[in-house]
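Here the structure is laid out as structure tokens; the discussion comes afterwards.
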Amino acid sequence: MNLNQLRYVVGESMAMMARRKAANGFSIVIMGLSLLILVVFILLTLNVQSVIDRASEEMRAYVYLKDGVGAATLREIQMKLLGLEGISEVVFVSRDEALTSFRQTLGGNKDMLDALGSNPLPDAYRVKMKPEYIRSEYMERLAGEAGKWEGVEEFRYGERWLGRGEKLVRGFYVVDLCIGVIILLSVIFVIANTVRLTVLTRQKTIEVAKLVGATNAYIRIPFLVEGAFQGTVASLLAIALLAVIHAFAKRYLPGVLFLRGDSILGFVVFCALLGALASYGAMRRFLKV
Amino acid sequence: MEQDQRIIVGVYHLSKTFGKHFSLHDINLQVTNGEFVFLVGRSGAGKSTLLRMIYMDDFPSSGQVVVGPHVSTKMKRSTIPNLRRKVGIVFQDFRLLDDRTVFENVALALKVAGAGISDVKHQVTDILMRVGLYHKRYDFPHELSGGEQQRVAIARAVANRPSVLLADEPTGNLDPVVTRSILELLFKINAGGTAVLMATHDLDLVKSFGQRIIYLDGGRVVKDKDMIYVGDLRDRIAGSEISEKADRLEDRDITGERGNRR
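Residue numbers (the numbering used here), protein chains in the order written: chain A, 1 to 289; chain B, 1 to 262.
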């Protein structure tokens with residue numbers, strides 16, 4: 001296809017869409033609303049993930065030490081911990097510091113500790129993890145390994161909390177995936193149907209174009225452009241509606257996140273390709289050109 | 001298949017069946033460069049099917065069609081557009097696009113071939129002037145008479161300067177006066193060097209022009225030029241209108257009345 005043909009085909013595409021404004025508009029609104037459901041769930045997932053990530057950053061693991069561990073062993077444990085790739089910071093917390101901190105936490109109930117008589121808390125290392133390593137699997141392995149070291153009583157990292165958070169995010173991802181598949185199928189169906197109707201109304205144009213020597217690409221491209229255009233505008237509509245919902249939600253939850261610029265661009269490009277693909281499928285099925 | 005360079009359309013032992021029914025049976029004919037040929041036969045004789053084989057909208061069940069460098073048995077779907085740009089096609093029902101002006105209808109043929117904007121403008125203007133419709137270039141097909149619509153269809157068919165123009169009953173929807181003018185236009189195009197193969201059921205219309213006439217009946221060529229496919233075929237179609245008219249024409253040919261118009 002030469003440049004002239006490309007110019008004509010683009011012009012043809014524009015004219016074709018202009019002639020079918022109402023049908024295209026209707027399809028775009030339906031697709032936009034369908035895609036909105038998808039992006040709402042994606043945004044929800046993103047925010048849940050963000051909350052869990054922020055909480056994880058605050059999370060500290062503790063390596064509780066046995067009573068009477070010598071200085072050399074303490075140093076060895078510290079060096080071993082610092083040698084692990086998932087750990088960014090290791091701080092020694094003596095039993096006395098721990099008790100003071102615990103008293104502050106208990107506030108009005110600190111008298112309970114006085115009743116004990118002696119300090120029940122052990123010495124410990126407070127460990128800060130690198131965020132990307134705060135995953136159940138890694139932490140479990142680490143706890144198992146560190147727990148066997150000489151002088152170490154126990155490695156604790158809030159395993160129940162972490163497990164629940166991960167399950168929640170996994171659940172969201174599964175829901176996103178299911179909704180995503182359903183929405184994408186419905187979007188493909190809507191685009192394919194619109195294109196099929198366009199094909200039927202333009203049967204004569206296609207026939208005449210073929211008679212005068214139009215190539216398959218010349219005939220197909222306007223339909224592909226129409227599908228891509230519908231996908232693009234529908235995705236932008238979904239993003240615009242999502243922005244409205246986000247602005248509303250932000251009044252009540254100030255920290256709520258919005259999709260990043262590159263994610264929006266990726267989503268729009270994906271929807272444009274999806275539209276073109278749906279058109280291509282419809283053309284193949286109904287035209288045999 | 002190698003064929004004489006002067007032959008623009010060659011049909012060799014072409015048969016076409018739909019199911020068990022023969023639509024065309026062992027057709028052989030050649031159209032040379034610049035020739036004007038009428039293809040005459042009743043409705044259902046196979047004229048349109050034969051033309052469709054020539055512009056390769058369909059393919060023979062056996063035998064082959066050769067149009068310029070294009071051979072039906074070796075044809076790829078992707079090269080059909082190249083053939084269509086060298087073969088102009090006109091139909092009884094005009095097949096104009098209702099949502100486009102006269103200018104745009106004609107321009108379509110040039111645009112699909114990739115002509116530049118200024119070339120499209122100049123050529124469409126030139127063609128519309130030749131067919132006498134330049135003053136109606138901004139009109140839509142529904143604003144034109146049947147004859148005018150057919151002129152637009154012819155203008156579109158010859159826009160890419162085809163080697164051969166195939167016309168399938170181009171006067172079938174027109175009154176006798178307009179029919180005459182359309183035929184005059186086709187002769188004018190033919191005089192410019194484009195071969196014309198025109199299918200019609202109206203023998204009375206074409207015999208007065210003295211051009212080569214190929215008679216088609218029941219999917220078979222029963223007469224072409226001075227060659228009459230006689231014998232059992234003649235017996236088979238004995239009594240048919242075509243046969244009688246072929247007889248009369250044959251007599252006229254023998255008396256030397258037939259002449260070349262150009």
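The C-beta atom is built at its ideal place from N, Cα and C for all residues, glycine as well.
Neighbour list for residue i in chain A, Cβ cutoff strictly below 8 Å
i, result
"Ala115(B)", "Asn4"
"Lys111(B)", "Asn4, Gln5, Tyr8"
"Leu166(B)", "Correct list: empty, because the minimum Cβ distance to chain A is about 10 Å."
"Arg212(B)", "Near Arg212(B) there are no residues of chain A at all, since even the closest Cβ is about 25 Å away, more than 8 Å."
Amino acids of chain A, ordered along the chain, whose beta-carbon sits closer than 7 Å to that of residue i
i, result
"Val158(B)", "The premise fails here: Val158(B) is roughly 11 Å from chain A at the closest Cβ pair, so nothing lies under 7 Å."
"Arg274(B)", "For residue 274(B) there is no data in the structure shown, the boundaries of chain B being 1 and 262."
"Leu186(B)", "Chain A residues near Leu186(B): none, gap ~18 Å exceeds 7 Å."
"Arg130(B)", "Under the 7 Å cutoff, chain A gives no residues; its nearest Cβ is about 18 Å from Arg130(B)."
"Arg161(B)", "Ordered by position in chain A, no residue passes the 7 Å Cβ test against Arg161(B), which lies about 12 Å from the chain."
Opening and closing residue of the alpha helix (DSSP H) in which residue i lies
i, result
"Ile239(A)", "216-252"
"Met129(A)", "Careful: Met129(A) lies outside any alpha helix (DSSP H), inside the beta strand (DSSP E) at 124-129."
"Phe41(A)", "21-58"
"Val177(B)", "176-191"
Under 8 Å between C-beta atoms of residue i and residue j
i, j, result
"Leu65(A)", "Val152(A)", "yes"
"Ala278(A)", "Ile219(A)", "no"
"Ile7(B)", "Val37(B)", "no"
"Ser13(A)", "Pro222(A)", "yes"
"Ile28(A)", "Leu237(A)", "yes"
"Ala113(B)", "Arg85(B)", "yes"
"Val195(A)", "Met139(A)", "no"
"Leu61(A)", "Phe155(A)", "Here the sequence assigns Ala to residue 61(A), which means Leu is not the residue at that position. Yes, Cβ-Cβ distance for Ala61(A) and Phe155(A) is below 8 Å."
"Met16(A)", "Met129(A)", "no"
"Ile52(A)", "Val169(A)", "yes"
"Gly219(B)", "Gly46(B)", "yes"
"Val9(B)", "Ile213(B)", "no"
"Gly213(A)", "Pro141(B)", "no"
"Gly275(A)", "Gln230(A)", "yes"
"Ala35(A)", "Cys271(A)", "Looking at the sequence provided, one finds Leu at residue 35(A) rather than Ala. Contact flag set, yes."
"Leu121(A)", "Gly86(A)", "no"
"Phe189(A)", "Ser235(A)", "no"
"Ala107(B)", "Val131(B)", "no"
"Phe172(A)", "Val48(A)", "yes"
"Val221(B)", "Asn33(B)", "no"
"Glu150(A)", "Thr73(A)", "yes"
"Leu83(B)", "Met56(B)", "yes"
"Lys16(B)", "Ser61(B)", "yes"
Residue i - DSSP class collapsed to helix/strand/coil
i, result
"Ile8(B)", "strand"
"Gly219(B)", "coil"
"Arg42(B)", "coil"
"Leu274(A)", "helix"
"Asn4(A)", "helix"
"Met283(A)", "helix"
"Ile134(A)", "coil"
"Ile242(B)", "Residue placement at Ile242(B) is flagged as unreliable, the pLDDT there being 48, under the threshold of 50; the coordinate-derived value follows with that caveat. It is helical."
"Gly88(B)", "strand"
"Arg75(A)", "helix"
"Gly255(A)", "coil"
"Met75(B)", "coil"
"Gln211(B)", "coil"
"Lys111(B)", "helix"
"Glu154(A)", "strand"
"Thr268(B)", "Coverage of chain B is limited to positions 1 through 262, which leaves residue 268(B) absent and any answer about it impossible."
"Asn28(B)", "strand"
For residue i, the first and last residue of its enclosing beta strand (DSSP E)
i, result
"Glu89(A)", "87-93"
"Ala153(B)", "It is not in any beta strand (DSSP E) - Ala153(B) instead sits in the alpha helix (DSSP H) that spans 146-158."
"Gln203(A)", "Gln203(A) -> not in any beta strand (DSSP E); alpha helix (DSSP H) instead, spanning 203-211."
"Arg260(A)", "From DSSP, Arg260(A) is part of no beta strand (DSSP E); its letter is neither H nor E."
"Asp98(B)", "Element bounds for Asp98(B): n/a, residue is neither H nor E."
"Ser163(B)", "Taken as a continuous stretch (DSSP letters only), Ser163(B) belongs to no beta strand (DSSP E), as it is neither H nor E."
"Thr200(B)", "195-200"
Listed by chain order, chain A residues near residue i by CB distance under 9 Å
i, result
"Val89(B)", "In the sequence on display, residue 89(B) carries Ile and not Val. What Ile89(B) touches in chain A: Leu211, Val212."
"Arg151(B)", "Near Arg151(B) there are no residues of chain A at all, since even the closest Cβ is about 16 Å away, more than 9 Å."
Contacts that residue i makes with chain B (C-beta to C-beta distance below 7 Å)
i, result
"Thr215(A)", "Pro81"
"Thr205(A)", "Leu97"
"Tyr173(A)", "Within chain B, no residue comes near Tyr173(A); the closest Cβ sits about 45 Å away, beyond 7 Å."
"Tyr218(A)", "Val112"
Closer than 9 Å at the beta carbon, the chain B residues around residue i
i, result
"Arg19(A)", "Asp99"
Task: Cβ pair count under 8 Å reaching 3, the segment 184-202 of chain B against the segment 151-158 of chain B - done: yes
- [ ] Check whether the segment 13-27 of chain A touches the segment 91-99 of chain A, counting contact only when three or more Cβ pairs, one atom from each stretch, lie closer than 8 Å.
- [x] no
Open item on the list: With a threshold of 8 Å, are at least 3 pairs of Cβ atoms found where one atom belongs to the segment 141-151 of chain A and the other to the segment 72-85 of chain A?
Closed with: yes
- [ ] Count the CB pairs spanning the segment 87-95 of chain B and the segment 164-173 of chain B that are closer than 8 Å, and state whether there are at least three.
- [x] yes
Open item on the list: Can you confirm whether the segment 132-148 of chain B touches the segment 102-117 of chain B when touching is taken to mean that 3 or more C-beta pairs between the two stretches lie within less than 8 Å?
Closed with: yes
Open item on the list: For the segment 47-61 of chain B against the segment 9-25 of chain B, do three or more pairs of beta-carbon atoms, one drawn from each stretch, fall closer than 8 Å, so that the two count as touching?
Closed with: yes
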